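Colleague: The structure follows.
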Amino acid sequence: MKTPRLVIAGTHSGVGKTTLTLGLLAALRRRGLRVQPFKVGPDYIDPGLHRVAAGQTSHNLDSWMGSPEEVRQLFLKRAPENDLSIVEGVMGLFDGARGQGETGSTAQVAKLLRAPVVLIFSAKGLARSAAALLNGYRTYDPDLNICGVIANGVSSERHRQIIRETVEGELGIPLLGAMDNRQEIVMPQRHLGLLPAAENNDLHNVLTKLATLVEEQIDLEALLKFARQAPDLEAGAAPPVAGPFAGVRLAVARDEAFNFYYQDSLDFLTELGAAIQYFSPLKDRTLPEILTGFISAAVFRNNFYPLWLPTSQ
218 MKTPRLVIAG THSGVGKTTL TLGLLAALRR RGLRVQPFKV GPDYIDPGLH RVAAGQTSHN
278 LDSWMGSPEE VRQLFLKRAP ENDLSIVEGV MGLFDGARGQ GETGSTAQVA KLLRAPVVLI
338 FSAKGLARSA AALLNGYRTY DPDLNICGVI ANGVSSERHR QIIRETVEGE LGIPLLGAMD
398 NRQEIVMPQR HLGLLPAAEN NDLHNVLTKL ATLVEEQIDL EALLKFARQA PDLEAGAAPP
458 VAGPFAGVRL AVARDEAFNF YYQDSLDFLT ELGAAIQYFS PLKDRTLPEI LTGFISAAVF
518 RNNFYPLWLP TSQ
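Numbering (the working numbering), first residue to last: 218 to 530.
Here it is as structure tokens:
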């Protein structure tokens, strides 16, 4: 099955993976491409930002909570109907579950999907030393396909040229972009990471600026070429047949306060026959009609709460 795809990874946390991924999603969408976003690991915030940038729901690929086959099936369930898929990594490229080797890491997911990897590194304070850093990542796992790199935080045009000469001249790795610092582009942060999409009123404006910056400083044609060169993947298993949850009715709280969900958990419930209706505890004055007159359940932040609501209410 032909599924153009790329994994956007970082040498470590804080190198700009999410910001760059959002810019790529917005820039490719601006070109009229349908891009399916994914996020490695158990993350709620970044997929919400992906959804706004790409215009469609982002899905988690978690090789710690799910088996390798489940990760592949989930990817193949969402990817084929799109022009390409962008998978944002987690932490550093090789960082996974503590004490469990590569389990849960971006590197493991990239290999499971046989996906080319674009590696982002911080160029701040680096010149020729960038070659040693990148060569270590390139040779650490020979089964990984690092197709190109992006430098983040170049300080000048001269710095950009030095990085290019080092990366391409000494290592032979394509430098797909070298991003400078734009003080006017700010992604606000909070204790869990970036501010969630539902709370960022300036997000659309920031995404517009990021898309323009990516168009100026990233070789999108080269990125698309590498994505389209990804090897074919075998088709995944068919989705489960509805039945076990037929007749089950779920009310799911979803608004600015309640938005930390794995979308695939909810999708799986509907595939098994459950009926879902969303409501807002912040804005709705009554509970959904789906709950009245029978034993049912409500879902708050991935927790299920049985409810009994008499018909008279």
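In this text, a Cβ means the ideal position worked out from N, Cα and C, and glycines have one as well. Nothing here was measured: the structure is a model prediction, and the numbers come from that model.
Identify which residue in 395, 302, 374 has its Cα closest to the Cα of residue 365.
Modeller: Indexing the sequence shown from 1 puts residue 365 at position 148. Looking at the Cα atoms, 395 is the closest of the given residues.
Colleague: Could you name each continuous alpha helix (DSSP H) segment of 4 residues or more that falls completely within the region 235 to 318, going from the start of the chain to the end?
Modeller: Correct list: 262 to 271, 285 to 295.
Colleague: Name the DSSP beta bridge partners of residue 396, please?
Modeller: As a working mapping, residue 396 is identified with position 179 in the sequence shown. 369.
Colleague: If contacts are defined as beta-carbon pairs under 8 Å, then residue 479 and residue 299 qualify, I think. What distance do you get, rounded to the angstrom?
Modeller: Your numbering for residue 479 matches position 262 in the sequence shown. Your numbering for residue 299 matches position 82 in the sequence shown. Not a contact, Cβ separation roughly 20 Å.
Colleague: Restricting to Cα atoms, I'd like to know which of 290, 432, 393 is closest to residue 248.
Modeller: Position 31 of the sequence shown, counting from 1, holds the residue named residue 248. Among 290, 432, 393, the Cα nearest to that of residue 248 is on 432.
Colleague: Spell out a yes or no on whether the region 229 to 247 and the region 425 to 439 are touching, meaning 3 or more CB-CB pairs, one atom from each, closer than 8 Å.
Modeller: yes
Colleague: How big is the Cα-Cα spacing for residue 215 and residue 334?
Modeller: Here the chain covers residues 218 to 530 and nothing more, so residue 215 does not appear.
Colleague: With distances taken between CB atoms, is the gap from residue 354 to residue 336 smaller than 8 Å?
Modeller: For the purposes of this step, residue 354 is taken as the residue at position 137 of the sequence shown. For the purposes of this step, residue 336 is taken as the residue at position 119 of the sequence shown. In this structure, residue 336 lies closer than 8 Å to residue 354 by Cβ.
Colleague: Is it buried or exposed for residue 419, if we count other Cβ within 10 angstroms and need 16 for buried?
Modeller: Stepping through the sequence shown from its first residue, residue 419 is reached at position 202. So residue 419 ends up on the exposed side.
Colleague: Reducing DSSP to helix, strand and coil, say where residue 222 ends up.
Modeller: Residue numbering aside, residue 222 sits at position 5 when the sequence shown is read from its first letter. Of the three classes helix, strand and coil, the one that applies to residue 222 here is strand, per DSSP.
Colleague: From the DSSP output, in three-state form, read off residue 230 for me.
Modeller: Within the sequence shown, residue 230 is the residue found at index 13, counting from 1. Coil, per DSSP.
Colleague: Can you name the residues that DSSP bridges to residue 339?
Modeller: For the purposes of this step, residue 339 is taken as residue 122 along the sequence shown, with counting starting at 1. Note: residue 339 sits in a beta bridge opposite 369.
Colleague: Please report the distance separating the alpha-carbon of residue 223 from that of residue 488.
Modeller: To locate residue 223, count along the sequence shown from 1; it is residue 6. To locate residue 488, count along the sequence shown from 1; it is residue 271. Approximately 28 Å between the Cα atoms of the pair.
Colleague: Per DSSP, residue 496 is paired with what?
Modeller: Along the sequence shown, read from residue 1 onward, the residue named residue 496 stands at position 279. In the DSSP output, where bridge partners are listed per residue, residue 496 has 470.
Colleague: Taking the DSSP output, what are the residues bridged to residue 386?
Modeller: Taking the first residue of the sequence shown as position 1, residue 386 is located at position 169. Residue 386 pairs with nothing; no bridge assigned.
Colleague: Under 8 Å Cβ to Cβ from residue 215, same chain only, skipping five residues before and after it: list those, please.
Modeller: The structure shown has nothing for residue 215, since the chain only spans 218 to 530.
Colleague: DSSP beta-bridge partners for residue 334?
Modeller: For the purposes of this step, residue 334 is identified with residue 117 of the sequence shown, where counting begins at 1. For residue 334, which the question treats as bridged, DSSP gives the partners 224, 363.
Colleague: Return the CA-CA distance between residue 388 and residue 258, expressed in angstroms with no decimal places.
Modeller: Residue numbering aside, residue 388 sits at position 171 when the sequence shown is read from its first letter. Residue numbering aside, residue 258 sits at position 41 when the sequence shown is read from its first letter. Looking at the two C-alpha atoms, the distance is approximately 30 Å.
Colleague: Between the Cα of residue 214 and those of 253, 316, 339, 346, spot the shortest distance and give me the residue it belongs to.
Modeller: The requested residue 214 is not part of the displayed model; the chain covers only 218 to 530.
Colleague: On the CB-based measure, 16 or more other CB atoms within 10 Å of its CB, does residue 374 come out buried or exposed?
Modeller: Along the sequence shown, read from residue 1 onward, the residue named residue 374 stands at position 157. Exposed, by the Cβ-count rule.
Colleague: The alpha helix (DSSP H) that contains residue 436, what's its start and end?
Modeller: If you number the sequence shown from 1, residue 436 lands on position 219. From DSSP, residue 436 is part of no alpha helix (DSSP H); its letter is neither H nor E.
Colleague: Across which residues does DSSP place residue 411 in a beta bridge pair?
Modeller: Residue mapping note: residue 411 aligns to position 194 of the sequence shown, counting from 1. DSSP, once it has assigned bridges, lists 406 as partnering residue 411.
Colleague: Given that a residue counts as buried once 16 or more other Cβ atoms are within 10 Å of its Cβ, and exposed if not, what is residue 356?
Modeller: Here residue 356 refers to the residue found at position 139 when the sequence shown is read from its first residue. It counts as exposed.
Colleague: With C-beta atoms as the reference, is residue 381 less than 8 Å away from residue 430?
Modeller: For this step, residue 381 is matched to residue 164 along the sequence shown. For this step, residue 430 is matched to residue 213 along the sequence shown. Not closer than 8 Å, so no.
Colleague: Would you call residue 226 buried or exposed, if buried means 16 or more other Cβ atoms sit within 10 Å of its Cβ?
Modeller: The residue given as residue 226 occupies position 9 in the sequence shown. Buried, because 16 or more other Cβ atoms sit within 10 Å of the Cβ of residue 226.
Colleague: Closest to residue 327 by CA distance: which of 232, 444, 467 is it?
Modeller: Counted from its first residue, the sequence shown places residue 327 at position 110. When each option's Cα is compared against that of residue 327, the closest is 444.
Colleague: Determine the burial state of residue 318: buried for a count of at least 16 other Cβ atoms within 10 Å of its Cβ, exposed for fewer.
Modeller: Against the sequence shown, residue 318 aligns to sequence position 101. Answer is exposed; the Cβ neighbour count stays below 16.
Colleague: Any idea if residue 272 is buried or exposed, counting beta-carbon neighbours within 10 angstroms, 16 or more meaning buried?
Modeller: One-based indexing of the sequence shown puts residue 272 at position 55. Answer is exposed; the Cβ neighbour count stays below 16.
Colleague: Count the other C-beta atoms from every protein chain shown that fall within 10 angstroms of the C-beta of residue 384, then say buried if there are 16 or more, exposed otherwise.
Modeller: The residue given as residue 384 occupies position 167 in the sequence shown. So residue 384 counts as buried.
Colleague: Leaving out five residues before and five after residue 463 in sequence, what residues of the same chain have Cβ atoms less than 7 Å from its Cβ?
Modeller: For the purposes of this step, residue 463 is taken as the residue at position 246 of the sequence shown. The beta carbon of residue 463 lies closer than 7 Å to those of 490 in the same chain, with the five residues before and after it left out.
Colleague: State the DSSP-derived secondary structure class of residue 479, mapped to helix, strand or coil.
Modeller: Walking along the sequence shown from the start, residue 479 turns up at place 262. DSSP places residue 479 in coil when its eight states are reduced to three.
Colleague: Closest to residue 332 by C-alpha separation, out of 220, 499, 469, would be which residue?
Modeller: For this step, residue 332 is matched to residue 115 along the sequence shown. Nearest C-alpha to residue 332: 220.
Colleague: Since residue 356 is in the alpha helix (DSSP H), which residue starts that stretch and which ends it?
Modeller: Your numbering for residue 356 matches position 139 in the sequence shown. From DSSP, the alpha helix (DSSP H) with residue 356 extends over 346 to 357.
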